[in-house]
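Remarks on the structure that follows.
The following block contains the structure:
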C-alpha cells in the first residue's frame, strides 16, 4: 500500500514524496524501515519515503567545531537532490554536550544560520545501547559507530551502506563527492 506524504523542509517549502507503509513494507529496505519525528514540528516521517535514493546520514550538533559542515551538507543537497540524493540530519547531544537545544531551537538555528533545507529529525542518541534504531543498524552494518559529531554514512539506492566518513572529512571533499556520484551513477534515475 502506497500513500503520498507531503514533507515540509525546515523552510516550510512543501515537497512531495512517496511514502510506503512503514511497518513490514517488503519494498522498503530494512535499514530504512523506521519512523522518526521531523525536527521542526515532530511529525512522524517514515524513512521508507527515501527508498530508492542515495542518502548521506549525519549526526549533527550546533556547538561543535564541525558545525560549519551544515553549509557544505546543504550544498550537497542542492547539487545532487535532482538525481535522487538526500542528506538526513540527526542531532545528538552525546559528544561534548554540544547539542543542548530543543528541537525547535535546533531547527531555527540550522535554518537561520546555515539555510538548512535538507531533512532533519528530532534529537536522539546515535551510539551505544541508547542509539536510535537506524544508528544501531548502521553500527551493526559497518562495525563503526560515530566517534564524534558529523560522522557520515553513505547509503545506496538499495538501502546498503557503501561508505562511512569520520567527522573531519569535509562533505565537499573528493572522497565524499566521488562516493556520492558513484552511488548515483550505479543506478541512475530514469525518466
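Residue numbers (the working numbering): 448 to 638. The C-beta atom is built at its ideal place from N, Cα and C for all residues, glycine as well.
Asked: Best match in 511, 486, 576 for proximity to residue 614 [C-alpha to C-alpha]; Found: 511
Asked: Residue 599 in three-state terms, based on DSSP; Found: strand
Asked: Reduced DSSP secondary structure (H/G/I, E/B, other) of residue 593; Found: coil
Asked: Where the alpha helix (DSSP H) through residue 611 begins and ends; Found: From DSSP, residue 611 is part of no alpha helix (DSSP H) but of the beta strand (DSSP E) over 608-612.
Asked: Rounded C-alpha distance that separates residue 478 from residue 594; Found: 21 Å
Asked: 6 Å Cβ shell around residue 591 - same chain, five flanking residues per side excluded; Found: 611
Asked: Cutoff 9 Å: residue 596 Cβ touching any chain C Cβ; Found: Within the model displayed, chain C is absent; a lone protein chain is all it includes.
Asked: Which of helix, strand or coil DSSP assigns to residue 523; Found: helix
Asked: Of the listed residues 491, 627, 631, nearest to residue 520 (C-alpha basis); Found: 627
Asked: Cβ-Cβ distance between residue 574 and residue 550 below 9 Å; Found: no
Asked: With 16 other Cβ atoms within 10 Å as the buried cut-off, status of residue 603; Found: buried
Asked: Bounding residues of the alpha helix (DSSP H) (the contiguous stretch that carries residue 487); Found: Residue 487 -> no alpha helix (DSSP H), and no H or E assigned at all.
Asked: DSSP-derived helix/strand/coil call for residue 575; Found: helix
Asked: Residue 559 - containing alpha helix (DSSP H), residue span; Found: 550-561
Asked: C-beta contact flag for residue 504 and residue 585 at 9 Å; Found: yes
Asked: DSSP three-state assignment for residue 493, whether helix, strand or coil; Found: strand
Asked: Cβ-Cβ separation, residue 557 to residue 517 (assumed contact under 8 Å), whole Å; Found: 6 Å
Asked: Residue 633, buried or exposed, once every other Cβ within 10 Å from all chains shown has been counted against 16; Found: exposed
Asked: Through-space distance from residue 481 to residue 498, alpha-carbon basis; Found: 11 Å
Asked: Simplified DSSP state of residue 580, which is helix, strand or coil; Found: helix
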